[in-house]
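Going down the list, the protein sequences come from chains A and E.
Counting the first sequence from 1 gives a position; the working numbering is that position plus 946.
Counting the second sequence from 1 gives a position; the working numbering is that position plus 9.
Below: the structure, in structure tokens.
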Amino acid sequence: MISMTPRKDIPLIRTIATPAVAILLTLIIGASIFAILGFSPTGALYEFFVAPVSRLDQIGDLFVKACPLIITATGLVFCYRANVWNIGAEGQLIFGAIFSGWVALNFPDLPMMVMMPAMILASIAGGIFWALIPALLKVRFNTNEILVSLMLTYVATLFIDWLVRGPWRDPMSFGFPLTKMYSDAALIHRVDLFGAGMLGQLHWGVVGALILALIGAFVLSRTILGFQVKVMGDAPRAGRFAGFNPGLVTIGVMALAGGAAGLAGMVEVSASMGQLQPNVSFGYGFTAIIVAFLARLNPIGVIFAGLVVALAELGGDNAQMVLGMPKVVTGVFKGVLLFMLLAGETFNRYHITWHGRRASQPEP
Amino acid sequence: MEALILTVLLTSVPLIFAAAGELVAERSGVLNLGVEGMMLMGAVTAFAATSLSGNPYLGVFAGAVSGGLTALIFAIFALGLATNQVATGLALTIFGTGLSGLMGEPFVGGTIAGLSNLPIPLLSEIPVIGALLFNHDLLAYLSIAMLVVVAWFLKKTRAGLVLRAVGNSHDSANALGYPVLTVRFWAVLFGGTMAGLGGAYLPLVLTPHWSEGMTAGRGWIALALVVFASWVPSRILIGALLFGGITIMQLAGQARGWAVPSQMLSMLPYLATIAVLVVIARNKEFSLANSPACLGKIFIGNR
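Set out below in structure tokens:
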């Protein structure tokens, strides 16, 4: 017999140690899986987690990879805290890229001081637009937001594919599915560290992402909005007695997450691509879900979690190049990591004791 | 026209398997969002087993087993460790997508001889209907048989009654002495095995090769089908045929040269899913009459 009794309070050391232990276990299990399938486990670990950050300038690239993850996961934290299961951030990210791309492509002559705010606002609007569909359907018709937001991701992927192959394709692209290049004012530039030179591809979007996570932490812990979100997630009944409107909270957190994801889409395109293409995201919207959980649904934690998961992502790129493995293989590590984190949560929340089979108790 | 209907029927087979399995798991109160991952694991194992042994029936078996084993991971975490079911299911899909990609890597580009048709004597010779309904492969017959078995099990057997009781109120079921977690464990494993069979159908019948992520969202559509069917097995058949039809419409549209971009046609199954979810959800009496009250809720109890 195993008995699980809830802990009264979770020791701080557990809160901090859980993600670390989860990461360690993930590395062990992930390497074992590679070994079982006949791939070199040490080689895989090296290509996944060491090679991508073996030079100083690659630290900058790590932050760049983490950037869309941090922005998107900060928004998702609000959803998951409120028990709203938005798993369509990928689609919302794509729509942010589309809306901001519309601004950049149609008004290429705007000066930077106008272009940037316009694109940022457009991307947020695009993400919110795409996130409000599942939110409103849930509030109005009680449809399942998990399925709707996911279905909309497939739709968004196909929609941008159509745009860049059809109406928005650059006639000079020699048949490639690409739009025109953005004008210089629509590009996010690399950070020049106090004149000391560039650190890899480190760009200003990263700085924005870090600030956004800090703002997210402030809103969640210090504002009435954040309080409502937490109450609706932890004790919806209490929330209703307090007069909080669950529908509004659902719409609010979906809009926050959608807006953030949309922004991530704009940053990713303006900083790393400079034009729209069929793949503006490489599953960042899905990976951000893991980042949010690794951060234990805490916006400050999102920064660190984003960097850890970004390392695995860079590792996936690297393993693809060096070992010829498909990109999805990173999912082995990402999936195991999420399993470990969830299990860790249980061990934190409950005191688990094993006390053999007792004859006195009836068989359950 | 006949060929078109045949394609619709074949396209719906994987959906029937996966949705029927998930329906049983959900009726026991477990929401497993890992269907996509379990299907992919079923698909890659079925392909690998067939490719190595040359026997597609071994592929069927391997696909079923690997779907079940993948579900076992979910059961260990979501039931054994009482983790959040939504997040655990997502983890399973991410993990299954990754692991299937890794396992399938040596098999990319290869082809296999899939399942051959087993015409039913006499019946298959009926004009038109015979060719459409009684000249299929083993898995196609099995999908319908399983649907009947699931319907019968849930409605007519004692074990099915216990399973539904566990899904509707795990506390009451527990108080009555029913083994809540054991029932859920087997329901989840059954769901995984069925998803594995559904996945296996893709390389064994629909396209005789393996490519990463080849399920293309079918696992998620199967989840939507369970909602569409409002947890009643027979309605899965209607839903699966409907989605099969919509999926095929894009091919038909392309073939006839409709002036609609192919991407818009490809969106149809996903948009239809959303539309169906809305229509079903609007009629609460219909949609929630058989909805398990404890769906997705964590059970601690005594274990």
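Yeah, the Cβ is synthetic: ideal placement off N, Cα and C, and Gly gets one too.
Quantities reported herein were computed from a predicted structural model and do not represent experimental measurements.
Exercise. How far does the beta strand (DSSP E) with residue 948 of chain A in it reach, from first residue to last?
Worked result: Translated into positions along the first sequence, residue 948 of chain A becomes position 2. That run of the beta strand (DSSP E) goes 948–952.
Problem set entry | Near-chain E residues of the stretch 1210–1242 of chain A (beta-carbon distance less than 8 Å), N- to C-terminal order | Listed in sequence order: 1232, 1235, 1236 and 1239.
Problem set entry | Members of the stretch 71–101 of chain E that neighbour chain A once the beta carbon cut-off is set at 8 Å | Of all residues in the stretch 71–101 of chain E, only 82, 86, 90, 91, 92, 93, 95, 96, 97, 99, 100 and 101 place a beta-carbon less than 8 Å from a beta-carbon of chain A.
Exercise. For the putative contact between residue 249 of chain E and residue 232 of chain E, defined by C-beta atoms under 8 Å, what is the C-beta separation to the nearest angstrom?
Worked result: Here residue 249 of chain E corresponds to residue number 240 of the second sequence, with the count starting at 1. Here residue 232 of chain E corresponds to residue number 223 of the second sequence, with the count starting at 1. For residue 249 of chain E against residue 232 of chain E, the beta-carbon gap comes to about 13 Å, at or over 8 Å, which does not count as contact.
For this session: Starting from the beta carbon of residue 1031 of chain A, find every residue of chain E whose beta carbon is closer than 8 Å, and list them in chain order.
Result: Here residue 1031 of chain A refers to the residue found at position 85 of the first sequence. Simply 95.
Exercise. Is DSSP giving residue 74 of chain E helix, strand or coil here?
Worked result: In the second sequence, counting from the first residue as 1, residue 74 of chain E sits at position 65. Helix.
Exercise. If you draw a straight line from the C-alpha of residue 307 of chain E to the C-alpha of residue 178 of chain E, how long is it?
Worked result: Position 298 of the second sequence, counted from the first residue, corresponds to residue 307 of chain E. Position 169 of the second sequence, counted from the first residue, corresponds to residue 178 of chain E. Straight-line Cα distance between these residues: approximately 11 Å.
For this session: Below 8 Å CB to CB, which residues in the same chain sit around residue 1310 of chain A once its five sequence neighbours on both sides are set aside?
Result: In the first sequence, counting from the first residue as 1, residue 1310 of chain A sits at position 364. Legend: pLDDT at residue 1310 of chain A = 43, less than 50; position of this residue unreliable, value from coordinates given subsequently. Contacts found: none.
For this session: Measure from the C-beta of residue 17 of chain E to each C-beta in chain A and report whether the shortest distance is under 7 Å.
Result: Within the second sequence, residue 17 of chain E is the residue found at index 8, counting from 1. Not an interface residue.
Exercise. If residue 225 of chain E sits next to residue 76 of chain E, beta carbons under 8 Å apart, how far is it from one beta carbon to the other, in whole angstroms?
Worked result: Mapped onto the second sequence, residue 225 of chain E falls at position 216. Mapped onto the second sequence, residue 76 of chain E falls at position 67. The C-beta separation of residue 225 of chain E from residue 76 of chain E comes to about 17 Å, leaving the pair out of contact by the 8 Å criterion.
Exercise. Which residue's Cα is closest to the Cα of residue 109 of chain E: A:979, A:1111 and A:1075?
Worked result: Start at 1 with the first residue of the second sequence, and residue 109 of chain E comes out as number 100. The residue from A:979, A:1111 and A:1075 with its alpha-carbon nearest to that of residue 109 of chain E is A:979.
Exercise. Mind checking if residue 1310 of chain A is an interface residue toward chain E, Cβ cutoff 7 Å exclusive?
Worked result: In the first sequence, residue 1310 of chain A corresponds to position 364, counting from 1. The pLDDT assigned to residue 1310 of chain A is 43, lower than 50, so where the model puts this residue is not dependable, and the model offers no usable value.
For this session: For residue 127 of chain E, name the three-state secondary structure that DSSP assigns.
Result: Reading the second sequence from its first residue, position 118 is the one you call residue 127 of chain E. Strand, per DSSP.
For this session: Under 7 Å Cβ to Cβ from residue 1180 of chain A, same chain only, skipping five residues before and after it: list those, please.
Result: Counting from 1 along the first sequence, the entry for residue 1180 of chain A is found at position 234. Hits under 7 Å: none found.
Exercise. At a Cβ threshold of 7 Å, is residue 221 of chain E touching chain A?
Worked result: Position 212 of the second sequence, counting from 1, holds the residue named residue 221 of chain E. Chain A contact via Cβ: present.
Problem set entry | Inter-residue Cα distance where the pair is residue 1169 of chain A and residue 1111 of chain A | As a first step, residue 1169 of chain A is located in the first sequence; it is residue number 223 there, counting from the start. As a first step, residue 1111 of chain A is located in the first sequence; it is residue number 165 there, counting from the start. Their Cα atoms are separated by approximately 45 Å.
Problem set entry | Of the listed residues A:1214, A:1282 and A:1189, nearest to residue 1010 of chain A (C-alpha basis) | Looking up residue 1010 of chain A in the first sequence gives position 64. Checking every option, the nearest Cα to that of residue 1010 of chain A belongs to A:1214.
For this session: Identify whether residue 1098 of chain A lies in helix, strand or coil by the three-state DSSP scheme.
Result: Numbered from its first residue, the first sequence carries residue 1098 of chain A at position 152. The three-state secondary structure of residue 1098 of chain A, taken from DSSP, is helix.
Exercise. When we look at the beta-carbon of residue 263 of chain E and count the other beta-carbons within 10 Å, is it buried (16 or more) or exposed?
Worked result: One-based indexing of the second sequence puts residue 263 of chain E at position 254. That one is exposed.
Problem set entry | Residue nearest to residue 52 of chain E in terms of C-alpha spacing, selected from E:123, E:13 and E:283 | Taking the first residue of the second sequence as 1, we reach residue 52 of chain E at position 43. When the alpha-carbon of residue 52 of chain E is set against those of E:123, E:13 and E:283, the nearest one is in E:123.
Problem set entry | According to DSSP, residues forming a beta bridge with residue 1136 of chain A | Translated into positions along the first sequence, residue 1136 of chain A becomes position 190. Note: residue 1136 of chain A sits in a beta bridge opposite A:1149.
Exercise. Exposed or buried, residue 1092 of chain A, counting other C-beta atoms within 10 Å across all chains shown (16 or more means buried)?
Worked result: Working through the first sequence from its first residue, we reach residue 1092 of chain A at position 146. That one is buried.
Exercise. Relative to the C-alpha of residue 66 of chain E, which residue among E:87, E:303, E:212 and E:134 is closest?
Worked result: The residue given as residue 66 of chain E occupies position 57 in the second sequence. Across the set E:87, E:303, E:212 and E:134, the C-alpha of E:212 shows the shortest separation from the C-alpha of residue 66 of chain E.
For this session: Label residue 120 of chain E either buried or exposed according to how many other C-beta atoms from any shown protein chain fall within 10 Å of its C-beta, with 16 as the threshold for buried.
Result: Within the second sequence, residue 120 of chain E is the residue found at index 111, counting from 1. Looking at its Cβ environment, which holds fewer than 16 other Cβ atoms inside 10 Å, residue 120 of chain E is exposed.
Problem set entry | 4 or more residues per run - each alpha helix (DSSP H) lying fully within the stretch 1154–1215 of chain A | For the stretch 1154–1215 of chain A, whole alpha helix (DSSP H) runs of length 4 or above, ordered along the chain, are 1170–1180, 1182–1187 and 1192–1214.
Exercise. Helix, strand or coil: which one does DSSP assign to residue 1264 of chain A?
Worked result: Taking the first sequence and counting its residues from 1, the one referred to as residue 1264 of chain A is at position 318. Correct three-state label for residue 1264 of chain A: helix.
Problem set entry | residue 1076 of chain A: first and last residue of the uninterrupted alpha helix (DSSP H) it sits in | Walking along the first sequence from the start, residue 1076 of chain A turns up at place 130. That run of the alpha helix (DSSP H) goes 1058–1087.
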